[in-house]
Structure formats: C-alpha cells, structure tokens
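Number of protein chains: 2
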Amino acid sequence: MVSLRNSFGGVVGLSLTWTDPNCPVARAVDVIGDRWSLLIVRDAMDGARSFTDFQQRTGIARNILADRLRKLVAHGLISQVEAPSGKRRVYELTAAGKDLFPVLVTLRQWGERHAFDADEPHSVLVDDEGTVVPRVVPTAGDGRPLTSDTTSVRGRG
Amino acid sequence: MVSLRNSFGGVVGLSLTWTDPNCPVARAVDVIGDRWSLLIVRDAMDGARSFTDFQQRTGIARNILADRLRKLVAHGLISQVEAPSGKRRVYELTAAGKDLFPVLVTLRQWGERHAFDADEPHSVLVDDEGTVVPRVVPTAGDGRPLTSDTTSVRGRG
DNA sequence: CCGTATCCATTCCGATACTG
DNA sequence: CAGTATCGGAATGGATACGG
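Chains as they are written, first to last, in the numbering used here: chain A, 1 to 157; chain B, 1 to 157.
Next comes the structure, spelled out in structure tokens:
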C-alpha cells in the first residue's frame with residue numbers, strides 16, 4: 001500500500017502491488033479495474049446523480065455501491081455536491097471523471113465490435129446529431145494512425 | 001450466465017448479471033473488467049509471448065495467470081499458436097485483442113494525467129518517432145470533438 | 001520452461017435488515 | 001431517500017509444491 005496525493009489534494013491509498021507501479025495503465029486499472037467502477041462512471045455520464053439512480057441503473061448491491069462511490073470520491077473522479085435544490089447532496093463527475101470519456105467511448109466501440117454475436121443486434125455509437133461516430137484511433141502528431149505493433153502502451157513513469 | 005457465440009465461433013460463457021446486459025460497455029467490462037486482464041493485454045502488446053513472460057511482467061500468481069489466459073483465449077482476445085521455432089506454443093493477440101489498443105492508449109493517457117501527483121514524474125505516450133501522441137479525443141464525422149455532456153456512452157444493444 | 005494442484009487468507013458480492 | 005450493518009457464499013489472490 002502506497003499513499004499518493006492526487007490532483008485534487010486528497011491523499012489516496014493505492015494498492016500498487018504491481019510489478020511496475022509507475023505504469024500509468026496499472027495505476028488507472030488500480031482505480032477503475034473492477035466489476036463496477038466503470039459502469040458507475042458510465043451511468044454518471046448518462047445522467048445518474050443520486051445513490052438510488054446508480055443502484056437501479058447498475059443493479060449493484062447497496063453496500064458495494066456505497067463502497068465504490070466512496071472510493072471514486074477518494075480518487076477524485078466523483079464529488080458530492082449540494083444539489084441545486086439545496087436539499088440533498090448529489091454525486092457529480094469531476095474533471096478527472098469526465099476525462100474517462102475517451103476510455104468509455106473506445107470501450108463501447110470495442111464492445112460493439114467484439115462482444116456481440118454476428119447475428120445479434122447491438123447499438124452503434126452516434127453523436128448528438130445521430131450520425132455514427134467513426135472508430136476512435138490514436139494518431140501521431142502528423143495524423144498517422146498508430147498501432148500496437150509500433151507503439152508501446154506500457155509507460156514506466 | 002448466458003452463452004454467447006463470439007466473433008471467432010467459440011461459445012463463451014458471460015456473467016451478464018448486469019441490469020442491462022445489452023450495453024456494450026457492460027459486455028466489455030465483463031471481459032476485461034478485473035484486476036489483471038488489461039495488464040496482460042498490455043504486456044502482450046509490449047511483446048510478451050510466453051507464460052513466464054506474463055508472469056514476470058505482471059507479477060501475477062501463476063494459478064490466476066493461467067485462469068486469466070484461459071478466459072482471454074475463450075473470449076477470443078488471445079490465441080495460442082505454434083511458435084515460429086516450432087517448439088512451443090505461445091500466446092498471441094488476436095485481431096480482437098489488438099483492437100483494445102485504443103482503449104489502452106486512452107487509459108494510459110488518463111493515468112498519466114490523473115493517477116500521478118503533480119510533482120511526481122511520469123511517462124508521456126510517444127509514437128515510434130518519439131513525438132508526443134496528442135490526446136485521443138472522440139470526434140463526430142465532421143471532426144467536431146465529442147464530450148460526455150453531449151454524447152451518451154451507454155449503448156443498449 | 002509450462003503449467004496444474006492445493007492450501008489458505010482476503011476481497012468481492014448479493015441479500016436482507018435496519019437506521020436517520 | 002440515503003445510506004449502514006451483518007451474514008454467508010463465491011471469487012480472487014499469493015505461496016508453494018508438484019509433474020509434463
């Protein structure tokens with residue numbers, strides 16, 4: 001266990017039992033690499049705000065949901081703020097949480113391609129005007145598309 | 001538990017205990033949403049081929065590694081092929097596995113931004129020529145950048 | 001070198017009951 | 001509505017020993 005001060009000033013305990021704790025992928029996985037965290041962020045992006053919102057959309061058990069929300073808040077992806085109504089506190093994505101958008105988009109596109117049977121209907125990601133979002137592909141500065149054969153994805157701090 | 005015929009003809013058992021089993025993000029998470037799978041894929045992209053390669057790079061326990069490799073093979077992300085030497089069988093990413101490249105790139109970029117302290121040194125993703133890879137941002141067909149405020153990331157099959 | 005088998009501890013998860 | 005408390009089962013994980 002290693003303590004880490006995150007971008008928001010909060011000290012967060014990370015497992016970091018990895019062989020290479022400085023790999024940014026490993027660190028990211030340490031935050032969202034479980035069964036529920038990404039789905040909670042997904043639903044937050046989709047408009048979920050309240051505890052019950054998340055519970056109903058994900059179907060997660062209440063105690064686990066409470067735990068995950070705590071961790072996501074501790075890691076600075078979600079914050080609990082006063083609702084505009086002034087009544088209740090609601091969960092809201094922070095800038096760091098919203099920055100997971102490209103991850104979820106690529107994950108969704110991957111899922112649509114590879115997690116459905118050929119004859120099984122599935123969604124296709126579209127923008128706000130209803131036109132299909134082209135496949136997200138990392139590119140070099142000059143616009144050249146990058147592949148796993150030429151680009152190492154394993155950073156080492 | 002639901003059986004699913006994947007893109008490679010193999011029947012794969014998915015948990016799919018989600019509230020919405022048709023969400024492609026949920027399906028993707030069902031495949032790679034654990035502590036190790038993405039890191040195994042990461043190391044495969046980084047050149048790992050043999051069981052011991054993966055074991056040493058990730059530090060994962062041998063029994064768990066064997067289990068995860070089995071699952072990744074069953075899900076069609078990795079295949080076991082004869083080594084060019086003809087001696088041993090080695091693990092190799094399939095097309096579906098390589099398609100996780102954009103996911104790992106965005107995840108790495110997120111990690112570099114949000115999983116390190118401000119004064120903590122970290123890597124920056126570069127292409128094969130050493131120039132920094134610009135932030136990967138999903139865009140509409142017309143090049144307009146998309147955000148989580150305007151684009152739903154939750155597909156429903 | 002490539003796994004499998006076993007043992008044990010920890011974590012994860014779901015269901016339910018309960019409180020402010 | 002928003003959680004917390006508790007229980008039990010399942011999955012995960014580490015270590016080690018073993019066999020092809």
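Glycine included, C-beta positions come from ideal geometry on N, C-alpha and C.
Tell me the rounded alpha-carbon separation between residue i and residue j.
i, j, result
"A:Arg35", "B:Ile32", "9 angstroms"
"B:Pro102", "A:Val137", "6 angstroms"
"A:Ala66", "A:Ala96", "20 angstroms"
"A:Gly111", "A:Val81", "32 angstroms"
"B:Lys98", "B:Gly143", "25 angstroms"
"B:Ala28", "A:Arg113", "10 angstroms"
"A:Ser152", "A:Ser123", "31 angstroms"
"B:Thr19", "A:Phe54", "11 angstroms"
"A:Leu4", "A:Asp119", "Here the model assigns A:Leu4 a pLDDT of 46, short of 50, so the residue's position is not dependable and the matter cannot be decided."
"A:Gly141", "A:Ser50", "41 angstroms"
"B:Asp149", "A:Tyr91", "15 angstroms"
"B:Arg108", "A:Asp117", "29 angstroms"
"B:His75", "A:Pro84", "45 angstroms"
"A:Arg70", "A:Leu125", "30 angstroms"
"B:Leu100", "A:Thr52", "32 angstroms"
"B:Leu77", "A:Arg89", "42 angstroms"
"A:Arg62", "A:Ser37", "14 angstroms"
"B:Asp127", "B:Asp46", "14 angstroms"
"B:Cys23", "A:Gln56", "15 angstroms"
"B:Pro134", "B:Pro21", "34 angstroms"
"A:Val11", "B:Lys87", "Model confidence at A:Val11 stands at a pLDDT of 44, short of 50, so the residue's coordinates are unreliable; what they give is reported in the following sentence. Roughly 50 angstroms between the two C-alpha positions."
"A:Pro145", "B:Ile60", "32 angstroms"
"A:Thr147", "B:Ala44", "13 angstroms"
"A:Asp30", "A:Arg68", "13 angstroms"
"A:Glu129", "B:Ile64", "45 angstroms"
"A:Leu93", "B:Ala115", "16 angstroms"
"B:Val132", "A:Ala48", "35 angstroms"
"A:Thr139", "A:Ser79", "32 angstroms"
My guess is that residue i and residue j are in contact by the Cβ rule of under 8 angstroms, so how many angstroms apart are they, rounded?
i, j, result
"B:Gly155", "A:Pro121", "So it is not a contact: roughly 11 angstroms between Cβ atoms."
"A:Leu39", "A:Thr58", "5 angstroms"
"B:Val25", "A:Arg42", "5 angstroms"
For residue i, name the three-state secondary structure that DSSP assigns.
i, result
"A:Thr147", "coil"
"A:Arg156", "coil"
"B:Val132", "strand"
"B:Val126", "strand"
"B:Thr19", "coil"
"A:Ala140", "coil"
"B:Asp30", "helix"
"B:Arg35", "coil"
"A:Ala44", "helix"
Does the beta carbon of residue i fall short of 6 angstroms from some heavy atom of the ligand ADP?
i, result
"B:Gln56", "Among the ligands in the structure shown, none appear at all, so the ligand ADP cannot be discussed."
Starting from the N-terminal side, write out each stretch of the beta strand (DSSP E) that is 3 residues or longer and does not extend beyond the segment 46-120 of chain B. Counting only runs of 3 or more, we get 78-82 and 89-93.
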